[in-house]
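All the letters of the sequence shown, read from the start, carry residue numbers 0 to 711 under numbering that gives the first Met the number 0.
The C-beta atom is built at its ideal place from N, Cα and C for all residues, glycine as well.
Note that this is a predicted model, so its numbers are computed, not measured.
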Amino acid sequence: MSIETDTIEQTESLESKQWKTRRKSASSIFNGPILRRAMVDSLKKLDPRWQLKNPVMFVVEVGSVITTIEWVRLLLQGPVSEMWFTLGVAFWLWFTVIFANFAEAMAEGRGKAQADALRSTRTSMMAKRLKTSERQAGFTEVQAPDLRKGDLVLVEAGEVIPGDGDVIEGVASVDESAITGESAPVIRESGGDRSAVTGGTRVLSDWIVVRISANPGESFLDRMIALVEGAARQKTPNEIALNILLASLTIIFMLAVITLEPFAIYSGSPVAITTLIALLVCLIPTTIGGLLSAIGIAGMDRMVQRNVLAMSGRAVEAAGDVDVLLLDKTGTITLGNRMASRFVPLKGIEERELAEAALLSSLADETPEGRSIVKLAEEQYDLQISANTDEAIFIPFSAQTRMSGVDFQTRTGTRSIRKGAGDALNRYAAENGGSASEELTQLVEDIARAGSTPLVVADNGGANGSARLLGVIELKDIVKGGMRERFEQLRKMGIRTIMITGDNPLTAGAIAKEAGVDDFLAQATPETKMKLIGEQQAGGRLVAMTGDGTNDAPALAQADVGVAMNTGTQAAKEAANMVDLDSNPTKLIEVVEVGKQLLMTRGALTTFSIANDVAKYFAIIPAMFSVAFPVLNALNIMHLATPHSAILSAVIFNAIIIILLIPLALRGVNYKPLGAGPLLRRNLLIYGVGGLIVPFIGIKLIDLLLVLLHLA
């Protein structure tokens, strides 16, 4: 290995480690730089123009301003006890707003840290812009930011790809650790579904010609930075609906509190403005109001932590509501490479003869299947190539003949060996002096029904001078371990799984049964995929699917959640609303789990927020009217020391609970694959009942502490 190659690999390894370190640091909640940035941002967000985006917290901020003004008035002319009480309420109301801002700033801070890590991958570089698509035509060196969509650039070993594009010539090993964090290089080549390259990645070997597909500021990296920062985040429909609900509850409680003052005056016991504001703030859903934005931002952040780039919060939320998953068979449900597992000869044929013919027909076959046939024949029979293959003519596979093989000279003439589909080889035998075999047809069907792929072998020009059918090579595509259990979990979540494959229905049915999917679509084409998605959506279901090729783009665009592989084509990535940077098709299951976790977290904290208002009611209402109506003391079930202590304890708890719930909002509620009914009961039990009990305990403890410190 050359010194230059060593240097490139060391650089790649170092960049990958630095990227992973930055990603790990950014995902940590208690990260020093993120905490410091969040503290500063939480104060900047006190700007009323910012608070107007959140009606609940805007009301709290207005109440904070009013109580602060009231404290100044009492400082100049009011009773000392009322002055200190008002100061305490004002102080904790301001902290309520700041803590809510802090939760949102923490969620944004983790995204900004991810964005900083991505920005560090940008380099100011020169690009070799070609005059024509021919590499030999010469190039002009320009600054990478001067490149425009459609420009052709040459990238050689050791150079950084200057922008997003598609490989139109050449093949190279590319280090994508700057984007994915994975140090293993990937192959990028012209044509096919692995031609897309991303700006900021490095070519490790060989060379490629790239057609730039994005103007400056519109690249994949630019979009990724904007999304993880939260700058491009828009509220989802469910989030907007919940905001409207919270605003409506705030208005209702505001009207209820306003009407209390005339009632109090009529009863001969006027209520101080500070107490009314404290009651309003404690009754409106400040907990979920303060955490709602953070929950949404954190949902997108959790996608980024799994190396999935969600193009919008709507996509993350839709993932949580998915009813149907469309999963490609190859590489998702199965390992992807079909491997030769056994030779099955026809009656009268020796297995060794079949293995030798299969070996000869596969010598020039560089596919994983072809190499596995050679390996199996050599291992089982220790075969040595006795035929003269130096002048052999190898016949490549074609869609028209559906077979491949080899022709070579022997002492008795030309010998032709073919392997391929059963019906094609039956026809080949009949056309070359042999005959089709019913036994072979049955054998092919049996192997296909078992979920394997049959390859038939025929020998034409052997000892008998006519084509003979020798038998079948069984190729098995192994189902990944644990897939049946994963699909069972999805069933418990109420999600239906459909396997998509180009295999014949018999093979598809056997693999679907082994994997445990609910249904399958065999001999799939882009048109049949779109038809299947349309049928599911017409039935009121939300559909998710993965894809990486240009032919997958229409279906990805139609699906409610389309996850494109980063190794796929530009068309696929533009059509999808998520991009998996790891290019792992099974990631779709994790995407659904993150989406459901987002919805669960929002629902759980909403339940907790509304439930804990009940305890505050029992704390403040008796304190407000206990003098005028002593009977209300019966509602003081917590036996709080004084009216001032009761109100201040409720306000302090109201502020502190937000900061205590920030880790839960950012990390998400622990997700378990259960149906809607069990999940609802679990949420009501933990967060509904918990939301009732925790405030009683918390407010009472704060009351005891205030009394102990002689602050009430």
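Distance between beta carbons of valine 202 and alanine 156, contact taken as under 8 Å: In the sequence shown, counting from the first residue as 1, residue 156 sits at position 157. In the sequence shown, counting from the first residue as 1, residue 202 sits at position 203. The pair is a contact, with the Cβ atoms about 6 Å apart (cut-off 8 Å).
Span of the alpha helix (DSSP H), counted from its first residue to its last, around valine 270: For the purposes of this step, residue 270 is taken as residue 271 along the sequence shown, with counting starting at 1. Taken as a continuous stretch (DSSP letters only), valine 270 belongs to no alpha helix (DSSP H), as it is neither H nor E.
Given valine 185 as reference, the closest of Ser63, Lys44, Leu580 once Cα atoms are compared: Taking the first residue of the sequence shown as position 1, residue 185 is located at position 186. Among Ser63, Lys44, Leu580, the Cα nearest to that of valine 185 belongs to Leu580.
Buried or exposed by the 16-neighbour rule on C-beta atoms within 10 Å, applied to valine 39: Your numbering for residue 39 matches position 40 in the sequence shown. Exposed: under 16 other Cβ atoms inside 10 Å.
Strand pairing of threonine 329, partner residues [DSSP]: Position 330 of the sequence shown, counting from 1, holds the residue named residue 329. Answer is Thr333, bridged to threonine 329.
Whole-angstrom C-beta distance between alanine 645 and alanine 622, which should lie under 8 Å: By 1-based counting over the sequence shown, the position of residue 622 is 623. By 1-based counting over the sequence shown, the position of residue 645 is 646. At roughly 4 Å, the Cβ-Cβ gap stays under 8 Å, so alanine 622 and alanine 645 are in contact.
Close beta carbons around leucine 700, own chain, < 6 Å, minus the five adjacent residues each side: On the sequence shown, residue 700 is found 701 positions in, with the first residue counted as 1. For leucine 700, where only same-chain residues beyond five positions count, there are no Cβ hits under 6 Å.
Cβ-Cβ distance between proline 344 and leucine 469 below 8 Å: Your numbering for residue 344 matches position 345 in the sequence shown. Your numbering for residue 469 matches position 470 in the sequence shown. The answer is yes: Cβ separation under 8 Å.
Counterpart residues of proline 344 in DSSP-defined beta bridges: What you label residue 344 is simply residue 345 of the sequence shown in a count that begins at 1. Answer is Gly470, bridged to proline 344.
Residue burial classification, glutamine 522 (beta-carbon count within 10 angstroms, cutoff 16): Here residue 522 refers to the residue found at position 523 of the sequence shown. Exposed.
Unbroken alpha helix (DSSP H) run spanning arginine 193, endpoints: Within the sequence shown, numbered from 1, the residue matching residue 193 stands at position 194. Taken as a continuous stretch (DSSP letters only), arginine 193 belongs to no alpha helix (DSSP H), as it is neither H nor E.
Range of the contiguous alpha helix (DSSP H) that encloses serine 648: Looking up residue 648 in the sequence shown gives position 649. Note, serine 648: alpha helix (DSSP H), 642-666.
Three-state secondary structure assigned by DSSP to alanine 309: Position 310 of the sequence shown, counting from 1, holds the residue named residue 309. Secondary structure of alanine 309 (DSSP, three-state): strand.
DSSP three-state assignment for isoleucine 160, whether helix, strand or coil: Here residue 160 corresponds to residue number 161 of the sequence shown, with the count starting at 1. Correct three-state label for isoleucine 160: coil.
Sufficient close CB pairs (3 or more, under 8 Å) joining the segment 641-661 to the segment 280-293: Cβ pair count under 8 Å is three or more, so yes.
Sufficient close CB pairs (3 or more, under 8 Å) joining the segment 576-595 to the segment 325-333: Between the segment 576-595 and the segment 325-333, the count of C-beta pairs closer than 8 Å reaches three or more; the two stretches touch.
Spatially closest choice to serine 194 from Thr568, Ala318, Leu703, Asn635, by CA coordinates: Taking the sequence shown and counting its residues from 1, one reaches residue 194 at position 195. Serine 194 has its Cα closest to that of Thr568, out of Thr568, Ala318, Leu703, Asn635.
Proximity below 8 Å, CB of alanine 725 to CB of aspartate 559: The requested residue 725 does not occur in the structure, where the chain is confined to residues 0 to 711.
Candidates Lys479, Thr366, Ala354, Gly538: closest to alanine 511 by CA position: Numbered from its first residue, the sequence shown carries residue 511 at position 512. The shortest Cα separation from alanine 511 among Lys479, Thr366, Ala354, Gly538 belongs to Lys479.
Whether asparagine 576 touches glycine 594 by CB criterion (8 Å): One-based indexing of the sequence shown puts residue 576 at position 577. One-based indexing of the sequence shown puts residue 594 at position 595. Not in contact: asparagine 576 and glycine 594 (Cβ atoms no closer than 8 Å).
Opening and closing residue of the beta strand (DSSP E) in which serine 403 lies: Taking the first residue of the sequence shown as position 1, residue 403 is located at position 404. Unbroken beta strand (DSSP E) run through serine 403: 402-409.
Contact the segment 498-507 vs the segment 319-327: 3+ CB pairs below 8 Å: Look at the beta carbons and you see the segment 498-507 touching the segment 319-327: at least three pairs across the two are nearer than 8 Å.
Nonlocal neighbours in the same chain, by C-beta distance under 7 Å from isoleucine 257, ignoring five residues either side: In the sequence shown, counting from the first residue as 1, residue 257 sits at position 258. Here isoleucine 257 has no same chain residue with a Cβ atom under 7 Å from its own Cβ, once five neighbours each way along the sequence are excluded.
Cβ neighbours of proline 672 in the same chain (closer than 6 Å, five flanking residues each side left out): On the sequence shown, position 673 is the one that residue 672 refers to. Only Gln488, Lys491, Met492 meet the Cβ criterion.
Extent of the continuous alpha helix (DSSP H) to which lysine 530 belongs: Taking the sequence shown and counting its residues from 1, one reaches residue 530 at position 531. Its alpha helix (DSSP H) spans residues 525-537.
Cβ-heavy atom distance, glutamate 513 to the ligand FAD, below 7 Å: This structure lacks the ligand FAD, and indeed carries no ligand of any kind.
Cβ-based neighbour list, isoleucine 685, same chain, cut-off 8 Å, excluding 5 preceding and 5 following: In the sequence shown, residue 685 corresponds to position 686, counting from 1. Contacts found: Ala603.
Buried versus exposed, by CB contacts within 10 Å (16 or more), asparagine 669: Here residue 669 is taken as the residue at index 670 of the sequence shown, counted from 1. Flag for asparagine 669 reads exposed.
Cut-off 8 Å between Cβ atoms - residues of its own chain near lysine 44, not counting five sequence neighbours on either side: Position 45 of the sequence shown, counting from 1, holds the residue named residue 44. So the list reads Gln50, Asn100, Glu103, Ala104, once near-sequence residues are dropped.
Simplified DSSP state of asparagine 550, which is helix, strand or coil: Locating residue 550 in the sequence shown gives position 551, where the first residue counts as 1. In this structure, asparagine 550 counts as helix in the three-state DSSP scheme.
Beta-carbon contacts of glutamate 592 that lie in its chain and below 7 Å, excluding the five residues immediately before and after: Locating residue 592 in the sequence shown gives position 593, where the first residue counts as 1. Excluding residues within five positions, the ones whose Cβ falls inside 7 Å are Tyr670.
Phenylalanine 138 - DSSP class collapsed to helix/strand/coil: Position 139 of the sequence shown, counted from the first residue, corresponds to residue 138. Correct three-state label for phenylalanine 138: strand.
Neighbourhood of glutamate 81 by C-beta, 6 Å cutoff - its chain only, sequence neighbours within 5 removed: Residue 81 sits at position 82 when you count from the first residue of the sequence shown. Result list for glutamate 81: Leu73, in chain order.
Distance between isoleucine 416 and glutamate 433 (C-alpha atoms, nearest Å): Position 434 of the sequence shown holds residue 433. Position 417 of the sequence shown holds residue 416. Checking the sequence, you will find glycine at residue 433 rather than glutamate. Near 13 Å, if we compare the C-alpha coordinates of isoleucine 416 and glycine 433.
Beta-carbon separation (whole angstroms), isoleucine 211 vs serine 189, contact threshold 8 Å: Taking the first residue of the sequence shown as position 1, residue 211 is located at position 212. Taking the first residue of the sequence shown as position 1, residue 189 is located at position 190. Contact flag wrong, Cβ pair sits at about 15 Å.
Where arginine 448 sits in the DSSP three-state scheme: Here residue 448 refers to the residue found at position 449 of the sequence shown. Reduced to three states, the DSSP call for arginine 448 is helix.
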